[in-house]
Amino acid sequence: AQSVTQLGSHVSVSEGALVLLRCNYSSSVPPYLFWYVQYPNQGLQLLLKYTSAATLVKGINGFEAEFKKSETSFHLTKPSAHMSDAAEYFCAVSEGTSYDKVIFGPGTSLSVIP
Amino acid sequence: GAVVSQHPSWVICKSGTSVKIECRSLDFQATTMFWYRQFPKQSLMLMATSNEGSKATYEQGVEKDKFLINHASLTLSTLTVTSAHPEDSSFYICSAPRGQGYGYTFGSGTRLTVV
Numbered sequence: 066a067q068s069v070t071q072l073g074s075h076v077s078v079s080e081g082a083l084v085l086l087r088c089n090y091s092s093s094v095p096p097y098l099f100w101y102v103q104y105p106n107q108g109l110q111l112l113l114k115y116t117s118a119a120t121l122v123k124g125i126n127g128f129e130a131e132f133k134k135s136e137t138s139f140h141l142t143k144p145s146a147h148m149s150d151a152a153e154y155f156c157a158v159s160e161g162t163s164y165d166k167v168i169f170g171p172g173t174s175l176s177v178i179p
Numbered sequence: 002g003a004v005v006s007q008h009p010s011w012v013i014c015k016s017g018t019s020v021k022i023e024c025r026s027l028d029f030q031a032t033t034m035f036w037y038r039q040f041p042k043q044s045l046m047l048m049a050t051s052n053e054g055s056k057a058t059y060e061q062g063v064e065k066d067k068f069l070i071n072h073a074s075l076t077l078s079t080l081t082v083t084s085a086h087p088e089d090s091s092f093y094i095c096s097a098p099r100g101q102g103y104g105y106t107f108g109s110g111t112r113l114t115v116v
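Quick note, the sequences are listed as chains D and E, same order.
Numbering (this note's numbering) for the first sequence: 66 to 179.
Numbering (this note's numbering) for the second sequence: 2 to 116.
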């Protein structure tokens, strides 16, 4: 069964600084990997997804993530944090088929300090 | 793009009553719908998977008699919380896969408060 871990339940960065949110997964088959963002009392918004094409995936709002099979990682980065990036971020995995269930990591709360 | 419309967005009900949450796929056919529950400050936990025309598959520890799922058509899946209690208060979110390479579409969520 697949699972996701996110190192750091809470991350604080200064406005303009690099954002790095860590995600490691386990899966018995090639996975699909996702990053979602959730603002308070709202649903989920997809930032980006990896579906076995290019290992460096670019998403919305300047975010990108790199799939590293050898490290079983899919870390999310953004070169320069904005105040509007403050939110909850979830890494998620599914087992590489279109209709398989998506398992979410525990989430990382990102704070951006002015 | 593909949209899953989830209603209601919030509901308050009395303890012991039942609440129905609907998720409709507006511009695609959702043969599968995943139902998640999210408690405050926690992640999304998969409750069950529904498939059109067949019985739902529940995750371990989820009471199937309490959380009734119906997926009677290719565009509608419903979750009914029966005999709700305060501990059922949570954020419920549905999600439908959109096909090879297209990912998943999530509903906007339902905030259930049982008083």
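By construction, the Cβ of each residue, glycine as well, lies at the ideal position given by its N, Cα and C atoms.
Computed from a predicted model, the values in this text were never measured in an experiment.
At what residues does the beta strand (DSSP E) containing residue i begin and finish?
{"i": "residue 104(D)", "result": "Run containing residue 104(D): none; DSSP gives neither H nor E here."}
{"i": "residue 38(E)", "result": "33-39"}
{"i": "residue 140(D)", "result": "138-143"}
{"i": "residue 126(D)", "result": "Here residue 126(D) belongs to no beta strand (DSSP E), and DSSP marks it neither H nor E."}
{"i": "residue 153(D)", "result": "152-159"}
{"i": "residue 25(E)", "result": "20-26"}
{"i": "residue 72(E)", "result": "68-74"}
{"i": "residue 107(E)", "result": "105-107"}
{"i": "residue 114(E)", "result": "111-115"}
{"i": "residue 79(D)", "result": "75-79"}
{"i": "residue 116(D)", "result": "That residue, residue 116(D), is in no beta strand (DSSP E); it is neither H nor E in DSSP."}
Do you know how far the Cα of residue j is from the Cα of residue i?
{"i": "residue 31(D)", "j": "residue 112(D)", "result": "Nothing in the structure corresponds to residue 31(D), since chain D is present only between 66 and 179."}
{"i": "residue 94(D)", "j": "residue 173(D)", "result": "25 Å"}
{"i": "residue 85(E)", "j": "residue 116(E)", "result": "9 Å"}
{"i": "residue 131(D)", "j": "residue 77(D)", "result": "21 Å"}
{"i": "residue 109(D)", "j": "residue 69(E)", "result": "23 Å"}
{"i": "residue 37(E)", "j": "residue 178(D)", "result": "32 Å"}
{"i": "residue 51(E)", "j": "residue 66(D)", "result": "19 Å"}
{"i": "residue 60(E)", "j": "residue 171(D)", "result": "17 Å"}
{"i": "residue 148(D)", "j": "residue 54(E)", "result": "46 Å"}
{"i": "residue 69(D)", "j": "residue 144(D)", "result": "24 Å"}
{"i": "residue 168(D)", "j": "residue 110(E)", "result": "17 Å"}
{"i": "residue 105(E)", "j": "residue 18(E)", "result": "31 Å"}
{"i": "residue 58(E)", "j": "residue 159(D)", "result": "17 Å"}
{"i": "residue 75(E)", "j": "residue 100(D)", "result": "27 Å"}
{"i": "residue 113(E)", "j": "residue 89(E)", "result": "8 Å"}
{"i": "residue 48(E)", "j": "residue 95(E)", "result": "10 Å"}
{"i": "residue 107(E)", "j": "residue 107(D)", "result": "11 Å"}
{"i": "residue 105(D)", "j": "residue 45(E)", "result": "14 Å"}
{"i": "residue 71(E)", "j": "residue 20(E)", "result": "13 Å"}
{"i": "residue 103(D)", "j": "residue 25(E)", "result": "21 Å"}
{"i": "residue 23(E)", "j": "residue 11(E)", "result": "12 Å"}
In three-state terms, what does DSSP make of residue i?
{"i": "residue 10(E)", "result": "coil"}
{"i": "residue 135(D)", "result": "helix"}
{"i": "residue 87(E)", "result": "helix"}
{"i": "residue 176(D)", "result": "strand"}
{"i": "residue 51(E)", "result": "strand"}
{"i": "residue 16(E)", "result": "coil"}
{"i": "residue 149(D)", "result": "helix"}
{"i": "residue 77(E)", "result": "strand"}
{"i": "residue 84(D)", "result": "strand"}
Out of the options, state which residue places its alpha-carbon closest to the alpha-carbon of residue i.
{"i": "residue 75(D)", "options": "135(D), 152(D), 160(D)", "result": "152(D)"}
{"i": "residue 150(D)", "options": "120(D), 168(D), 70(D), 81(D)", "result": "81(D)"}
{"i": "residue 139(D)", "options": "87(D), 159(D), 79(D)", "result": "87(D)"}
{"i": "residue 72(D)", "options": "141(D), 166(D), 122(D)", "result": "141(D)"}
{"i": "residue 156(D)", "options": "83(D), 114(D), 118(D)", "result": "114(D)"}
{"i": "residue 5(E)", "options": "66(E), 77(E), 46(E), 62(E)", "result": "77(E)"}
{"i": "residue 166(D)", "options": "97(D), 133(D), 89(D)", "result": "97(D)"}
Is the beta carbon of residue i within less than 8 Å of some heavy atom of the ligand ADP?
{"i": "residue 43(E)", "result": "The model depicted lacks the ligand ADP and carries no ligand whatsoever."}
Interface residues of the region 23-47 of chain E facing chain D [CB-CB below 7 Å]: Listed by position along the chain: 33, 35, 44, 45, 47.
Interface positions of the region 113-142 of chain D facing chain E (Cβ-Cβ less than 8 Å), listed along the chain: If the cut-off is 8 Å between Cβ atoms, the region 113-142 of chain D has 114, 116 near chain E.
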